[in-house]
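Protein chains: 2
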Amino acid sequence: MAKTPGKPTITDVAHRAGVSLSTVSRVMNGNATVDAEMAERVRAAASELGYTANPLARSLVLGRTQTIAVVVPDLANPTFQEILRGLSRAAAADGYHVLIADSAEQVAEEPVLATETRRRTDGVVLCAPRMTDDDLAALLPTLTPVVVINRPAQASAPVVGADYRTAFRTVVDHLYGRGHRHLIYLAGLERSASNAARRAALADARAAHADLVVDEIPCGVDFDSGSGAADAVSASGATGALAFNDLVAMGLLSALADRGIRVPQDISVAGFDDIPFAQYTTPPLTTSAVPGGDLGARAWAAMKAQLTGGEADAAVALTPRLLVRGSTGPAPA
Amino acid sequence: MAKTPGKPTITDVAHRAGVSLSTVSRVMNGNATVDAEMAERVRAAASELGYTANPLARSLVLGRTQTIAVVVPDLANPTFQEILRGLSRAAAADGYHVLIADSAEQVAEEPVLATETRRRTDGVVLCAPRMTDDDLAALLPTLTPVVVINRPAQASAPVVGADYRTAFRTVVDHLYGRGHRHLIYLAGLERSASNAARRAALADARAAHADLVVDEIPCGVDFDSGSGAADAVSASGATGALAFNDLVAMGLLSALADRGIRVPQDISVAGFDDIPFAQYTTPPLTTSAVPGGDLGARAWAAMKAQLTGGEADAAVALTPRLLVRGSTGPAPA
DNA sequence: CTGTTAGCGCATTCAC
DNA sequence: GTGAATGCGCTAACAG
Numbered sequence: 001m002a003k004t005p006g007k008p009t010i011t012d013v014a015h016r017a018g019v020s021l022s023t024v025s026r027v028m029n030g031n032a033t034v035d036a037e038m039a040e041r042v043r044a045a046a047s048e049l050g051y052t053a054n055p056l057a058r059s060l061v062l063g064r065t066q067t068i069a070v071v072v073p074d075l076a077n078p079t080f081q082e083i084l085r086g087l088s089r090a091a092a093a094d095g096y097h098v099l100i101a102d103s104a105e106q107v108a109e110e111p112v113l114a115t116e117t118r119r120r121t122d123g124v125v126l127c128a129p130r131m132t133d134d135d136l137a138a139l140l141p142t143l144t145p146v147v148v149i150n151r152p153a154q155a156s157a158p159v160v161g162a163d164y165r166t167a168f169r170t171v172v173d174h175l176y177g178r179g180h181r182h183l184i185y186l187a188g189l190e191r192s193a194s195n196a197a198r199r200a201a202l203a204d205a206r207a208a209h210a211d212l213v214v215d216e217i218p219c220g221v222d223f224d225s226g227s228g229a230a231d232a233v234s235a236s237g238a239t240g241a242l243a244f245n246d247l248v249a250m251g252l253l254s255a256l257a258d259r260g261i262r263v264p265q266d267i268s269v270a271g272f273d274d275i276p277f278a279q280y281t282t283p284p285l286t287t288s289a290v291p292g293g294d295l296g297a298r299a300w301a302a303m304k305a306q307l308t309g310g311e312a313d314a315a316v317a318l319t320p321r322l323l324v325r326g327s328t329g330p331a332p333a
Numbered sequence: 001m002a003k004t005p006g007k008p009t010i011t012d013v014a015h016r017a018g019v020s021l022s023t024v025s026r027v028m029n030g031n032a033t034v035d036a037e038m039a040e041r042v043r044a045a046a047s048e049l050g051y052t053a054n055p056l057a058r059s060l061v062l063g064r065t066q067t068i069a070v071v072v073p074d075l076a077n078p079t080f081q082e083i084l085r086g087l088s089r090a091a092a093a094d095g096y097h098v099l100i101a102d103s104a105e106q107v108a109e110e111p112v113l114a115t116e117t118r119r120r121t122d123g124v125v126l127c128a129p130r131m132t133d134d135d136l137a138a139l140l141p142t143l144t145p146v147v148v149i150n151r152p153a154q155a156s157a158p159v160v161g162a163d164y165r166t167a168f169r170t171v172v173d174h175l176y177g178r179g180h181r182h183l184i185y186l187a188g189l190e191r192s193a194s195n196a197a198r199r200a201a202l203a204d205a206r207a208a209h210a211d212l213v214v215d216e217i218p219c220g221v222d223f224d225s226g227s228g229a230a231d232a233v234s235a236s237g238a239t240g241a242l243a244f245n246d247l248v249a250m251g252l253l254s255a256l257a258d259r260g261i262r263v264p265q266d267i268s269v270a271g272f273d274d275i276p277f278a279q280y281t282t283p284p285l286t287t288s289a290v291p292g293g294d295l296g297a298r299a300w301a302a303m304k305a306q307l308t309g310g311e312a313d314a315a316v317a318l319t320p321r322l323l324v325r326g327s328t329g330p331a332p333a
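So the sequences go chain by chain: A and B. Position 246 (the first sequence) corresponds to 246 in UniProt numbering; numbering is contiguous. Position 319 (the second sequence) corresponds to 319 in UniProt numbering; numbering is contiguous.
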C-alpha cells in the first residue's frame, strides 16, 4: 500500500540525511557530540520534511509527558477560571501542557478523574477538592506528584491557598478605621471552611478592638440571600455590613436601595472575592481580592519543584488584597 | 536492581494469571472470545494488582489518544469559559479528555499552539481564532480533524457559532412589539464582525417595519463606553436603547440612574450576551443569551463526528435566546 | 481459542 | 563519533 504522507518519522529523516536514526535522535536532542557537517545535514533534512518528534513516542520512552492535569469542581466558576488561567500560562511558560477535568461538583468523580488523568500526565493539581479529608488523605499518595489548591493543609502534598482569615480581618479593620464600632456579618454556609475562616477573623478583630461589636446573622452565599437580609441589617443598627461574599453584598446593596437606605452615607457595605462586576455596582463595591491567577501560578511552581526533583514548600498562603471602593465610607455621626 | 512497585504492566498480569500477555490484552479489551475460566483468572489478577493499561502505550500503538485540544484566545473570558465547560463535559461523556491552550490573545501563538497540541491529541478545536483568514485557511488543512467556533464559515473545517444577526433582530422586534418606533443603537467596534452582524439585523428590521427609526451612535464595548453615551441617548429622543452588549447596557443604566431618568418608564434598555450579572442590575437587564455551553457541546459533536469517520455538518449556528427582564417595557405614551 | 511475533516512534545503551 | 540493537507497554497480525 502506498504510504500516506502522514507525519514524517525519525526514520524518514535518517534516510534523507543518509545517516542512522540514532544520529538523528542525537542532533534533535543535542545530546552527544555529532560531526558538525553531519549534524547540519540532519537539520536540513528535518526542516525540509517538516519533522517534529512524535510526542507520544517520546513520552513512552522517556516516561514523561510534559503535561499535567488539573481537576476542578466546576469550570464555570470564576474562581477556578482565574486559577486555571494562571496555572495554564505558568505551565506553558515552562513548556508544559495542561489537561483539564471538570468533576461538575460530583464528589464521587473526583478520585476517578484524578487517577485517570494522572496516568496520562506527569502530575495532577487538585483544585478545591470536595471529597472528605479521609478520602483525600488516601488519594494523595497515589497521585504523586500532586498539588492541592484551596484546601487546608494536607500531609502528603504541598498546598497553596489564600489566607481568608487575614484577608477578612483586613476588611474588618478597614471599617473599624473609618470609625465603625458596630458591624454585622452576613454569614455563609454554617459548616463551610470559608465561613469558619471569616468567623475566626471576626474573633481576632473583637479581641484586638475592645469597643468593637460584631453581630452575626445567618444568610447564605448568593444574591437573593443578601437582598433577603436587608431588613435584618437595617434593624440591627449596625453602621457597616460585612457580606460573606460579593454576591451577597450585591443583593444587599440592591435591597437597601429599594428601601431608600443610602450606601455608604447610612450604612457601609463590604463584599469579598472581587468578582468581575463588583466594580460596576452602585456604588462600586469595596471588597477583598483573592489573586486567583497568582494562586494558579504558585500551584504550578509547587508542581514544577516536584517535577524537577526538588521539594515544594509544604504550604503557601496568599493574602488577598483589600480594594476600597465607594460602598464603604466613614461611620455616620 | 529491585524493581520498584511502580505501575503493574500487562506482563505482570499475564505472569500472575499464568497466561500470555496477548490473552490479557484480549480480555481487557473484550476483543476475541476467551475461555471463560481463563478470562476470570485474568480479571482477578488484574484487579489484585490494580492494573490499568498504560494510556500512553495504547495511544502509540492505536494511533489515538482519546484526547482533543482546545485553543482559546483568553481563558479569563467568560464566553470561552462557558464554551470550554460545555465542550469539556460533552467530551468527557464520550470518554475523551481535553487539553487546553491559552494563546493569551497573542495571535502569533495560535498556529504554534494548535500545531503543537494537535500532535498529542486526536483533533483540535479553535475557539474564536484571531488570526487572519489567510492564515486560518492555510492552517486548518494541517490540523484535521478540526472544528472552528465563533468564526464565519471556513472552507476546510466545520464551524459552529451563534447567529448574532437573527438574535439581535429578535431584540429589536421585542422592542418594536412593545410599541417602540424610535430606537438608538450604541455601536461596538467599527470594524468588528459582531458589530456588522448587529447592523445587518438593524437593516433587516428597518426593512420589515417601515415606521421604525433606528439611530446609531459610535460607542464601544465596555461599561464606561455605555455610561459615556447616556447624554447622547437621552438627547436623541429615542424610547429604547440597544446596547452593543451587556457591559455597555450596564454602564448606560448606571449613568441614566444618576440623571434621574427612569428605566423602563422613560426609556427601555436592552443588552446582549446575558453575562452572569445581567440579572442583578437595577432593573434586571433584558438581553439575549448566547448559549455558550451549547456551543461547546455542538463543537464536540462536530469533532466526534469526524473522529468516528462521519462527516460533521459544515456549519451550525445557534440562535441566542431572548431574555425579557425589567429593563424593557412599553414605549412611553 | 491461545501463544508467539512484529511493530507503533523514539532514546539509549552497547559495540565498532 | 557513529550505527546496530534493545525496550518503553501495548495491540494486532500471525501461526498453532
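Ideal Cβ placement from N, Cα and C applies to all residues, glycine included. Every value quoted in this text rests on a predicted model; they were computed, and no experiment measured them.
Pair within 8 angstroms by beta-carbon distance, residue i and residue j
{"i": "Ser268 of chain B", "j": "Ser194 of chain B", "result": "no"}
{"i": "Pro320 of chain B", "j": "Pro291 of chain B", "result": "yes"}
{"i": "Leu60 of chain B", "j": "Leu60 of chain A", "result": "yes"}
{"i": "Gly251 of chain A", "j": "Asp273 of chain A", "result": "no"}
heavy atom of the ligand FMN below 7 angstroms from residue i C-beta
{"i": "Thr9 of chain A", "result": "This structure does not include the ligand FMN; it has no bound ligands of any sort."}
Own chain partners of residue i with C-beta closer than 8 angstroms, once the 5 adjacent residues on each side are dropped
{"i": "Arg279 of chain A", "result": "Correcting the residue identity first, residue 279 of chain A is Gln in this sequence and not Arg. Answer for Gln279 of chain A: Leu285 and Arg325, listed in chain order."}
{"i": "Glu190 of chain B", "result": "Pro218"}
{"i": "Ala302 of chain B", "result": "Val147, Pro158, Val160, Ala312, Asp313 and Val316"}
{"i": "Ala162 of chain B", "result": "Asn150, Val290, Pro291, Leu295, Ala317, Leu318, Thr319 and Pro320"}
{"i": "Val19 of chain B", "result": "Met38, Arg41 and Val42"}
DSSP-derived helix/strand/coil call for residue i
{"i": "Ile10 of chain B", "result": "helix"}
{"i": "Tyr280 of chain A", "result": "helix"}
{"i": "Gly179 of chain B", "result": "coil"}
{"i": "Ala2 of chain A", "result": "Any reading at Ala2 of chain A must be qualified, since the residue scores a pLDDT of 38, below 50, and its modelled position is unreliable; the value itself is stated next. Here Ala2 of chain A sits in coil by DSSP."}
{"i": "Tyr185 of chain B", "result": "strand"}
{"i": "Ala229 of chain A", "result": "coil"}
{"i": "Ser327 of chain A", "result": "coil"}
{"i": "Gln306 of chain B", "result": "helix"}
{"i": "Arg321 of chain B", "result": "strand"}
{"i": "Thr287 of chain A", "result": "strand"}
{"i": "Val42 of chain B", "result": "helix"}
{"i": "Pro141 of chain A", "result": "helix"}
{"i": "Pro218 of chain B", "result": "strand"}
{"i": "Thr132 of chain A", "result": "coil"}
{"i": "Asp102 of chain B", "result": "strand"}
Within chain A, partners of residue i - CB distance below 9 angstroms
{"i": "Ala257 of chain B", "result": "Thr282"}
Contacts that residue i makes with chain A (C-beta to C-beta distance below 7 angstroms)
{"i": "Leu84 of chain B", "result": "Leu75"}
Between the CA atoms of residue j and residue i - distance to the nearest angstrom
{"i": "Ser227 of chain B", "j": "Glu216 of chain B", "result": "16 angstroms"}
{"i": "Val98 of chain B", "j": "Glu116 of chain A", "result": "13 angstroms"}
{"i": "Lys3 of chain B", "j": "Glu105 of chain A", "result": "Only weak support is given to the placement of Lys3 of chain B: the predicted model assigns it a pLDDT of 45, under 50, and the question is left unresolved by the model."}
{"i": "Asn245 of chain A", "j": "Leu84 of chain B", "result": "26 angstroms"}
{"i": "Ser192 of chain B", "j": "Ala255 of chain A", "result": "38 angstroms"}
{"i": "Asp12 of chain A", "j": "Ala45 of chain B", "result": "41 angstroms"}
{"i": "Ala187 of chain B", "j": "Ala230 of chain A", "result": "38 angstroms"}
{"i": "Thr52 of chain B", "j": "Arg16 of chain B", "result": "15 angstroms"}
{"i": "Asn77 of chain A", "j": "Ala208 of chain B", "result": "41 angstroms"}
Listed by chain order, chain B residues near residue i by CB distance under 7 angstroms
{"i": "Phe277 of chain A", "result": "Phe277"}
{"i": "Gln81 of chain A", "result": "Leu75, Ala76 and Gln81"}
{"i": "Phe223 of chain A", "result": "Tyr280"}
{"i": "Met250 of chain A", "result": "Tyr280"}
{"i": "Ile149 of chain A", "result": "Here the premise fails: no neighbours, minimum Cβ distance about 16 angstroms."}
Interface residues of chain B facing residue i [CB-CB closer than 8 angstroms]
{"i": "Ala57 of chain A", "result": "Leu60"}
Close-in-space but distant-in-sequence residues of the same chain around residue i (CB under 7 angstroms, 5 per side omitted)
{"i": "Arg206 of chain A", "result": "Leu212 and Val214"}
{"i": "Ala243 of chain A", "result": "Leu186, Gly226, Ala249, Leu252, Val269, Ala270, Gly271 and Phe272"}
{"i": "Met1 of chain B", "result": "A caution first: Met1 of chain B carries a pLDDT of 36, below 50, which makes its placement in the model too unreliable to give a value."}
Proximal residues to residue i (C-beta, below 6 angstroms), its chain only, five neighbours per side dropped
{"i": "Ala299 of chain B", "result": "Leu87, Val125, Val147, Ile149 and Val160"}
{"i": "Met131 of chain B", "result": "Val107 and Glu110"}
{"i": "Pro330 of chain A", "result": "Arg178 and Gly179"}
{"i": "Val24 of chain A", "result": "Ile10, Val13, Ala14 and Val42"}
{"i": "Glu82 of chain B", "result": "Gly292 and Gly293"}
{"i": "Gly6 of chain B", "result": "none"}
Within chain B, partners of residue i - CB distance below 9 angstroms
{"i": "Arg199 of chain A", "result": "In chain order: nothing, as chain B lies at least about 26 angstroms away."}
Within chain A, the residues that residue i reaches when beta carbons sit closer than 8 angstroms
{"i": "Asp102 of chain B", "result": "Arg85, Ser88, Arg89 and Ala92"}
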